[in-house]
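>
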Amino acid sequence: MSWMGISHFVPNITMGAPILSCVSKGVPGIFMDCHMMVAHPERWVNDIADAGGSLYCFHLEATSEPLLLIDAIHERNMKAGVAISPDTPSTAITDEVADAADMLLVMTVYPGRGGQRFLDRCVPKVSELRARFPHKDIEVDGGVGPKTIGPCADAGSNVIVAGTAIFGAEKPEEVIALLKSTVETAQAKAAGRS
Ligand SMILES: O=C(CO)[C@@H](O)[C@H](O)COP(=O)(O)O
Numbered sequence: 704m705s706w707m708g709i710s711h712f713v714p715n716i717t718m719g720a721p722i723l724s725c726v727s728k729g730v731p732g733i734f735m736d737c738h739m740m741v742a743h744p745e746r747w748v749n750d751i752a753d754a755g756g757s758l759y760c761f762h763l764e765a766t767s768e769p770l771l772l773i774d775a776i777h778e779r780n781m782k783a784g785v786a787i788s789p790d791t792p793s794t795a796i797t798d799e800v801a802d803a804a805d806m807l808l809v810m811t812v813y814p815g816r817g818g819q820r821f822l823d824r825c826v827p828k829v830s831e832l833r834a835r836f837p838h839k840d841i842e843v844d845g846g847v848g849p850k851t852i853g854p855c856a857d858a859g860s861n862v863i864v865a866g867t868a869i870f871g872a873e874k875p876e877e878v879i880a881l882l883k884s885t886v887e888t889a890q891a892k893a894a895g896r897s
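Residue numbers (the numbering used here): 704 to 897.
1. Using only alpha-carbon positions, find the residue among Ala-742, Tyr-813, Gly-818, Pro-731 that is nearest to Cys-825.
2. Using a Cβ-based criterion (distance less than 7 angstroms to any ligand heavy atom), does His-738 qualify as near ligand 1?
3. Based on the DSSP output, what are the partners of Glu-831 in its beta bridges?
4. Find the nearest neighbour of Ala-804 within the set Ile-773, Arg-820, Gln-890, Pro-744, judged by alpha-carbon distance.
5. Would Pro-854 be called buried (16 or more neighbouring beta carbons within 10 Å of its own) or exposed?
6. What does the alpha-carbon distance come out to for the pair Ser-830 and Glu-876?
7. Considering Cys-855, what are the terminal residues of the alpha helix (DSSP H) in which it resides?
8. By the DSSP assignment, the alpha helix (DSSP H) with Ile-722 in it spans what residues?
9. Looking at the unbroken alpha helix (DSSP H) that takes in Asp-753, where does it start and where does it end?
10. Does DSSP put Lys-883 in a helix, a strand or coil?
11. Is the beta carbon of Ile-869 closer than 8 angstroms to that of Val-667?
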């Protein structure tokens, strides 16, 4: 599987397991990328799996046993994501953890709320992870929109979370199209270089 061929776009909505359950019933087959900005992420794996979660992304800072947690997520047939907050270096994600995970998430704002300013200083972490893991899904989340997607895409991010940029837009579909096309163009450029 080549990351060059993968590009997800994830509209960001804050919700818990009961709402996920309703969404999964109402939209059968929907891929629900669940970013768990919680302490003790081990506690919620079963609830999210039962509610129809597709990917369970936990914060590396919130667990001392990331490999066991990834196993528990996989046992419930979900993909596993590993997130790092702005002050955590990319090197905190060991090769072993990255190999076990399905996706790595570089937060480009501090976890907590939407509408924060994009932190440019997090972008080099995307490049570092892309260099180490050419085939891994790498997500960015926080302050991503038409003005900030370029550096994320060029750094090698192929999974984009956007909240304010979409839900605050007059024409959300145009923003979505722009985010997607920026990632696709960057991927095509990177493929030409390799
Ligand atoms: O929840 C978080 C950060 O706490 C992020 O997922 C943001 O909510 C993304 O929203 P925007 O920054 O795109 O508005």
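We put the CB at the ideal spot given by N, CA and C, even for glycine.
By the coordinates alone:
1. Tyr-813
2. yes
3. Answer by DSSP bridge pairing: none, since Glu-831 is not bridged.
4. Ile-773
5. buried
6. 28 angstroms
7. 852–858
8. 720–729
9. 748–753
10. helix
11. Outside the shown range of the chain (704 to 897) lies residue 667, about which nothing can therefore be said.
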